[in-house]
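A.B. asks:
In our numbering, the protein residues as written are 15 to 337.
1) Where do the N-terminal and C-terminal ends of the beta strand (DSSP E) with residue 179 fall, by residue?
2) Using beta-carbon positions only, say whether residue 59 and residue 200 come within less than 8 Å of one another.
3) Would you list the one or two residues that DSSP bridges to residue 118?
4) Measuring CB atoms only, is the region 269-280 touching the region 140-158, in the sense that at least three cross pairs come out at less than 8 Å?
5) Taking the runs of the beta strand (DSSP E) that are 3 residues or longer, which of them lie wholly in the region 45-120?
6) On the premise that residue 302 lies in contact with residue 203, defined as a C-beta separation below 8 Å, what is that separation, rounded to the nearest angstrom?
7) What's the C-alpha gap between residue 75 and residue 316?
8) Output needed for residue 184: all residues of its chain with C-beta closer than 8 Å, excluding positions within five of it in sequence on either side, in chain order.
9) Can you tell me whether DSSP reads residue 326 as helix, strand or coil?
10) So who's on the other strand from residue 300, going by DSSP bridges?
11) Tell me which residues share the same chain as residue 139 and place their Cβ nearer than 7 Å to its Cβ, disregarding the 5 neighbours each side in the sequence.
12) Count the other CB atoms within 10 Å of the CB of residue 312; is the residue buried (16 or more) or exposed (fewer)?
13) Measuring CA to CA, which of 85, 132, 187 is closest to residue 97?
14) Any contact of the region 92-106 with the region 157-165, i.e. 3+ C-beta pairs under 8 Å?
15) Here's a check: name, in chain order, each residue in its chain whose Cβ is nearer than 8 Å to the Cβ of residue 55, leaving out the five neighbours to either side.
16) In angstroms, rounded to a whole number, what distance separates the CA positions of residue 153 and residue 244?
17) For residue 207, which three-state DSSP category applies?
18) Just mark residue 246 as buried or exposed, buried being the case when its beta carbon has 16 or more other beta carbons within 10 Å.
19) Mind checking residue 239: buried by the 16 CB within 10 Å criterion, or exposed?
20) Which residues share a DSSP beta bridge with residue 201?
21) Does the beta-carbon distance from residue 331 to residue 168 come in below 8 Å?
22) Check each candidate in 241, 117, 300 and name the one with the smallest Cα separation from residue 38.
23) Roughly how many angstroms separate the alpha carbons of residue 206 and residue 241, rounded to a whole number?
24) Should residue 314 and residue 71 be called a contact, given that it needs their Cβ atoms to be closer than 8 Å?
25) How would you label residue 186, buried or exposed, when you count the other beta carbons within 10 angstroms and need 16 or more for buried?
26) For the candidate residues 279, 253, 213, 142, whose alpha-carbon lies nearest to that of residue 91?
27) Thinking C-beta only, is residue 182 closer than 8 Å to residue 229?
28) Is the separation between the beta-carbon of residue 179 and that of residue 136 shorter than 8 Å?
29) Look at the Cβ atom of residue 44, then the Cβ atom of residue 299, and state whether they are nearer than 8 Å.
In structure tokens form, the structure reads like this:
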């Protein structure tokens, strides 16, 4: 058998193994120090449980209190559900790996994780933009609010968010399928982050990198532009109001959403900057924690502590459960 045919058969074997799901990746996590693993496990388990309980409580309160059956809280309940799904795509696998002292994730599992992370990150982007539009209509067009923000439009905005996010995630995932992976399959993260997976490819990944930058800029930039445009209009409208009481009420209704937007995009920007200015993968992994874990955990606290309606609804729910 010639050298060329041997090389061809080995190449075909590698390709078939990849598609058969025998290729595996190693998730190195946040630290390889065995003494730190119990601390990391306990910390992330606590954060995960707090996130699930907090967001489930938000959804339950909104469902049970008829006063909260408004577009703003409809979007908030979907945001809470998205947050639970977002954190559930990454943290449980990390906890299982620490518990089993096993860093392996299968090729199929890694691609699935990439896909779901992109889906729920995209949904969160779109939902924050929809909530900004809702606040814009509430402040700038209060008399037409119920007409503009009708149930049909709210459902359409949710469906549009799902469609855009799923299409984006499937496109990125399908583009990953064209890559070949040979050796050095160590991912210096606690989950399969798309940029890190592309770096491991031993085939040409230029198209994948271009697609990631272009699509991420569009999916992140357009909703952010919509949010900024909405708040420019809101601030302009509020400053024209004569009553200081109405001004403070208008800003108060936007405070919780603005805090969540600042947290989400602030941590996302931190991840991008840290990846751009440092070559240390561990620092990038720690920055990703701030993006993937911290916002879903803090969002329920922001809305429950800064929102008067949510506080009252929570008190009612607690009183009802204690009877």
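Think of the CB as a built atom: it goes at the ideal place given N, C-alpha and C, for glycine as much as any other residue.
Just so it is clear, the structure is predicted and the values come from calculations on it, not from any experiment.
C.D. replies: So, from the data block:
1) Taking the first residue of the chain shown as position 1, residue 179 is located at position 165. Segment 165-191 is the alpha helix (DSSP H) holding residue 179; no beta strand (DSSP E) there.
2) Within the chain shown, the letter at position 45 stands for residue 59. Within the chain shown, the letter at position 186 stands for residue 200. No; because the gap between Cβ atoms is not below 8 Å, this pair is not in contact.
3) Stepping through the chain shown from its first residue, residue 118 is reached at position 104. 40, per the DSSP bridge assignment.
4) Between the region 269-280 and the region 140-158, the count of Cβ pairs shorter than 8 Å is three or higher; the stretches touch.
5) Runs found: 118-120.
6) In the chain shown, residue 203 corresponds to position 189, counting from 1. In the chain shown, residue 302 corresponds to position 288, counting from 1. Confirmed, about 6 Å.
7) Taking the first residue of the chain shown as position 1, residue 75 is located at position 61. Taking the first residue of the chain shown as position 1, residue 316 is located at position 302. Looking at the two C-alpha atoms, the distance is approximately 15 Å.
8) Sequence index remark: in the chain shown, residue 184 carries index 170 (1-based). Hits under 8 Å: 129.
9) Taking the first residue of the chain shown as position 1, residue 326 is located at position 312. Three-state DSSP puts residue 326 in a helix.
10) Sequence index remark: in the chain shown, residue 300 carries index 286 (1-based). In DSSP, residue 300 forms no bridge with anything.
11) Stepping through the chain shown from its first residue, residue 139 is reached at position 125. Here residue 139 has 233, 234, 237 as same chain residues with Cβ atoms under 7 Å from its own Cβ, once five neighbours each way along the sequence are excluded.
12) As a position in the chain shown, residue 312 is number 298, starting the count at 1. Taking all protein chains in view, the Cβ of residue 312 is crowded by 16 or more other Cβ atoms within 10 Å, so the residue is classified as buried.
13) Position 83 of the chain shown, counting from 1, holds the residue named residue 97. The shortest Cα separation from residue 97 among 85, 132, 187 belongs to 132.
14) Here the region 92-106 makes no contact with the region 157-165; the two share fewer than three CB pairs at distances below 8 Å.
15) Here residue 55 is taken as the residue at index 41 of the chain shown, counted from 1. Excluding positions up to five away in sequence, the list reads 109, 112, 113.
16) Taking the chain shown and counting its residues from 1, the one referred to as residue 153 is at position 139. Taking the chain shown and counting its residues from 1, the one referred to as residue 244 is at position 230. Distance between the alpha carbons of residue 153 and residue 244 is about 10 Å.
17) Here residue 207 refers to the residue found at position 193 when the chain shown is read from its first residue. Coil, per DSSP.
18) For the purposes of this step, residue 246 is taken as the residue at position 232 of the chain shown. Classification for residue 246: exposed.
19) Position 225 of the chain shown, counting from 1, holds the residue named residue 239. Burial state of residue 239 is exposed, judged by a 10 Å Cβ sphere holding fewer than 16 other Cβ atoms.
20) Residue mapping note: residue 201 aligns to position 187 of the chain shown, counting from 1. Its beta-bridge partners are 41.
21) Taking the chain shown and counting its residues from 1, one reaches residue 331 at position 317. Taking the chain shown and counting its residues from 1, one reaches residue 168 at position 154. No; because the gap between Cβ atoms is not below 8 Å, this pair is not in contact.
22) As a position in the chain shown, residue 38 is number 24, starting the count at 1. Of all alpha-carbon atoms in 241, 117, 300, the one lying nearest the alpha-carbon of residue 38 is that of 117.
23) One-based indexing of the chain shown puts residue 206 at position 192. One-based indexing of the chain shown puts residue 241 at position 227. Using only the alpha carbons, I get a separation of about 29 Å.
24) Position 300 of the chain shown, counted from the first residue, corresponds to residue 314. Position 57 of the chain shown, counted from the first residue, corresponds to residue 71. Their beta carbons are under 8 Å apart, which means residue 314 touches residue 71 by this criterion.
25) Taking the chain shown and counting its residues from 1, one reaches residue 186 at position 172. Within 10 angstroms of the beta-carbon of residue 186 lie 16 or more other beta-carbons, which makes it buried.
26) Counting from 1 along the chain shown, the entry for residue 91 is found at position 77. Here the closest residue by C-alpha is 142.
27) Along the chain shown, one-based indexing puts residue 229 at 215. Along the chain shown, one-based indexing puts residue 182 at 168. Yes, they are a contact pair.
28) Locating residue 179 in the chain shown gives position 165, where the first residue counts as 1. Locating residue 136 in the chain shown gives position 122, where the first residue counts as 1. A contact, by the Cβ cut-off of 8 Å.
29) Here residue 44 is taken as the residue at index 30 of the chain shown, counted from 1. Here residue 299 is taken as the residue at index 285 of the chain shown, counted from 1. Closer than 8 Å, so yes.
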